[in-house]
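If you're matching positions, the sequence shown starts at 173 in our numbering and goes up one per residue.
Idealized CB from N, CA, C, for every residue including glycine.
This one's a predicted model, so the numbers in the text were calculated from it and none came from an experiment.
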Amino acid sequence: PLQLTTISCQFGMPLQEYAIDKETGDIVMRIGADLHTLQAADIEQTLLNASIGPLTKLSSLPIAVYSDFNNLHERMIPMANPSDVSTIDIFGTQYGSISALMTARGQVFVNPIVPDASTMHAYGGGGMNMPARRYRVAPGSTTGGMLRILGSFYIPSADDSNPKALVLATDPMSPTAEMAFYILDVSASSAMDFTDVTDLPTPFLGGHLNGGSAKDGGLGSILVDSVTLSPCGRRFAWTNTDGDICCMSFPTSENQSADFVILPKTNDSGEPMIGIEAELKFSPGGRYLAIEHNARNKFAVITIGDLGDPSDNSITLKRFVQATPDRFNSMNPLWGRSPVDFKTDSFKEEGDKDDLSSTTLFFLTDRDVVLTQNSSPWGTRAPQPF
């Protein structure tokens with residue numbers, strides 16, 4: 173046998189693989205990430221004159237095979253649940269399944285919820301038994317460093333075919349990355365948002381439109397955990413680090429101005445309503461807002477605020493009635509119905525029943541805590557009778 177090439181050729185890298193062109197007799201070789209050719213005429217000359225020795229000069233083909241370098245990969249570190257998850261919400265899809273809207277590491281994902289993993293079978297290929305998949309809503313891989321998703325919340329709607337989410341994120345168009353609210357389509361058929369730097373979504377509130385500090389009329393620093401939506405999907409509320417409790421109605425058209433309302437600093441009883449440690453809970457119809465906050469003596473109380481009729485798509489502040497006294501702690505309000513309501517519904521016709529109304533506010537309290545051998549109705553810090 174006659175050696176045609178050296179071990180490392182002229183590139184200092186060994187030969188990876190080769191193929192022979194049956195028509196021309198040339199040899200195509202892959203060295204590193206490029207393709208090179210050895211002409212049939214040079215091979216024939218080497219065979220006729222063995223004194224020439226191995227060929228060291230090869231012709232490079234115009235086709236170059238570039239390596240899939242690691243620095244071009246999207247940095248997708250496997251998520252650790254639940255430590256990487258900041259907010260999570262669920263919604264029903266048009267296919268009858270349930271999905272989870274999840275914010276993790278500054279991005280928004282939609283994850284399928286599998287009722288029973290044992291019933292899932294392996295993918296059969298060709299559209300057979302397609303496995304449930306997770307897809308990303310925002311941001312795109314090319315704009316991931318421009319903004320950060322802080323929270324995402326499903327907007328309740330009767331139309332499951334077009335689910336939308338309220339997204340709180342930093343606005344890349346603002347000079348100081350101000351917080352802004354967006355409304356994004358989270359359906360499986362929708363395109364990913366924040367993919368093109370020249371065509372970024374426009375926030376309907378905050379950001380470069382009307383962001384800034386709270387004292388200048390902006391949103392300020394919003395507490396992500398405080399954002400809450402009404403079950404009817406017409407209103408939402410939040411608090412900020414300045415202690416404000418804010419509320420607004422979702423805009424129904426692009427021409428409608430997005431203005432939010434700051435709730436009073438005190439309720440009708442004169443107790444302060446500071447939003448830094450407040451918990452908000454809308455009634456099912458969206459008219460009333462239950463606010464858990466601290467009274468002057470630092471006891472947790474619940475105030476019910478009347479925000480007006482939500483059907484006119486505006487906020488009209490009315491009364492803010494303190495529902496629980498400040499002599500003991502009351503927390504975790506939950507709107508519901510009393511047993512009397514269910515008993516009344518049992519006498520109504522099927523079409524006359526109102527399953528969405530709420531007449532009762534449930535909450536937790538420590539008023540029945542045992543201080544000694546006797547239970548005290550005066551709370552945890554009041555004098556004991558014995």
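Exercise for review: Please name the residue, chosen from Pro328, Asp538, Ser232, Ala276, that lies closest to methionine 251 on a Cα-to-Cα basis.
Suggested key: Looking up residue 251 in the sequence shown gives position 79. For methionine 251, the nearest C-alpha among the options comes from Ala276.
Review point. Are the Cβ atoms of threonine 496 and valine 512 separated by less than 8 Å?
Key: One-based indexing of the sequence shown puts residue 496 at position 324. One-based indexing of the sequence shown puts residue 512 at position 340. Going by beta carbons, threonine 496 and valine 512 fall outside the 8 Å limit.
Exercise for review: Excluding the 5 residues preceding and the 5 following glycine 415 in the sequence, name in chain order all residues of the same chain whose CB lies nearer than 7 Å to its CB.
Suggested key: As a first step, residue 415 must be located in the sequence shown, where it is residue number 243. Same-chain partners within the cutoff: Ile446, Gly447, Ile448.
Point to revise | Cβ contact (3+ pairs, closer than 8 Å) linking the region 342 to 357 and the region 254 to 274 | key: Counting Cβ pairs under 8 Å, fewer than three are found: no touch.
Review point. When you compare only the Cα positions, how much space is there between aspartate 198 and leucine 230?
Key: As a working note, residue 198 is residue 26 in the sequence shown. As a working note, residue 230 is residue 58 in the sequence shown. Roughly 11 Å between the two C-alpha positions.
Check your understanding: Between which two residues does the alpha helix (DSSP H) containing threonine 218 stretch?
Key -> Within the sequence shown, the letter at position 46 stands for residue 218. Note, threonine 218: alpha helix (DSSP H), 212 to 220.
**Study point:** Nearest to threonine 475 (by Cα), restricted to the options Pro505, Thr488, Asn485, Ser483
**Key:** For the purposes of this step, residue 475 is taken as residue 303 along the sequence shown, with counting starting at 1. For threonine 475, the nearest C-alpha among the options comes from Pro505.
Check your understanding: Run through DSSP, which three-state label would valine 512 get?
Key -> Residue mapping note: residue 512 aligns to position 340 of the sequence shown, counting from 1. Valine 512: helix per DSSP, three-state reduction.
Exercise for review: Spatial neighbours of isoleucine 192 within its chain, please: CB distance less than 7 Å, with the 5 preceding and 5 following residues excluded, ordered by chain position.
Suggested key: Working through the sequence shown from its first residue, we reach residue 192 at position 20. So the list reads Ile199, once near-sequence residues are dropped.
Point to revise | Beta-carbon proximity of arginine 509 to threonine 537, cut-off 8 Å | key: Walking along the sequence shown from the start, residue 509 turns up at place 337. Walking along the sequence shown from the start, residue 537 turns up at place 365. Not in contact: arginine 509 and threonine 537 (Cβ atoms no closer than 8 Å).
Point to revise | Where threonine 342 sits in the DSSP three-state scheme | key: For the purposes of this step, residue 342 is taken as the residue at position 170 of the sequence shown. In this structure, threonine 342 counts as strand in the three-state DSSP scheme.
Review point. So what's aspartate 357 in DSSP terms, helix, strand or just coil?
Key: Numbered from 1 along the sequence shown, position 185 holds the residue referred to as residue 357. Strand at aspartate 357.
Exercise for review: Kindly provide the ranges of any beta strand (DSSP E) runs that are 3 or more residues long and lie completely inside the region 310 to 334, ordered along the chain.
Suggested key: 321 to 326
Review point. Per DSSP, what kind of secondary structure is serine 483 in: helix, strand or coil?
Key: Reading the sequence shown from its first residue, position 311 is the one you call residue 483. Looking at serine 483 - three-state DSSP - the assignment turns out to be helix.
Exercise for review: Compute the Euclidean distance between the alpha carbons of glycine 384 and phenylalanine 353, then round it to the nearest angstrom.
Suggested key: Residue numbering aside, residue 384 sits at position 212 when the sequence shown is read from its first letter. Residue numbering aside, residue 353 sits at position 181 when the sequence shown is read from its first letter. Roughly 13 Å separates the two Cα atoms.
Point to revise | Cβ-Cβ distance between arginine 320 and glycine 378 below 8 Å | key: If you number the sequence shown from 1, residue 320 lands on position 148. If you number the sequence shown from 1, residue 378 lands on position 206. With a cutoff of 8 Å on beta-carbon distance, arginine 320 and glycine 378 are scored as not near each other.
Review point. Just checking, does the region 477 to 494 make contact with the region 453 to 460 on the three C-beta pairs under 8 Å criterion?
Key: yes
**Study point:** Whole-number beta carbon distance between isoleucine 355 and leucine 401, since they are thought to touch under 8 Å
**Key:** Position 229 of the sequence shown, counting from 1, holds the residue named residue 401. Position 183 of the sequence shown, counting from 1, holds the residue named residue 355. About 12 Å separates the CB atoms of leucine 401 and isoleucine 355; that is not less than 8 Å, and the two are not in contact.
Check your understanding: Whose C-alpha, out of Val282, Ser258, Arg407, Thr259, is nearest the C-alpha of proline 423?
Key -> Working through the sequence shown from its first residue, we reach residue 423 at position 251. Nearest C-alpha to proline 423: Arg407.
Review point. Who are the near neighbours of isoleucine 487 in its chain, counting only those whose CB is closer than 7 Å to its CB and skipping five residues on each side?
Key: For this step, residue 487 is matched to residue 315 along the sequence shown. Only Cys419, Met420, Ser421, Val433, Leu479, Gly480 meet the Cβ criterion.
**Study point:** Span separating the alpha-carbon of lysine 194 from that of glycine 204
**Key:** Taking the sequence shown and counting its residues from 1, the one referred to as residue 194 is at position 22. Taking the sequence shown and counting its residues from 1, the one referred to as residue 204 is at position 32. Cα-Cα distance, rounded: 24 Å.
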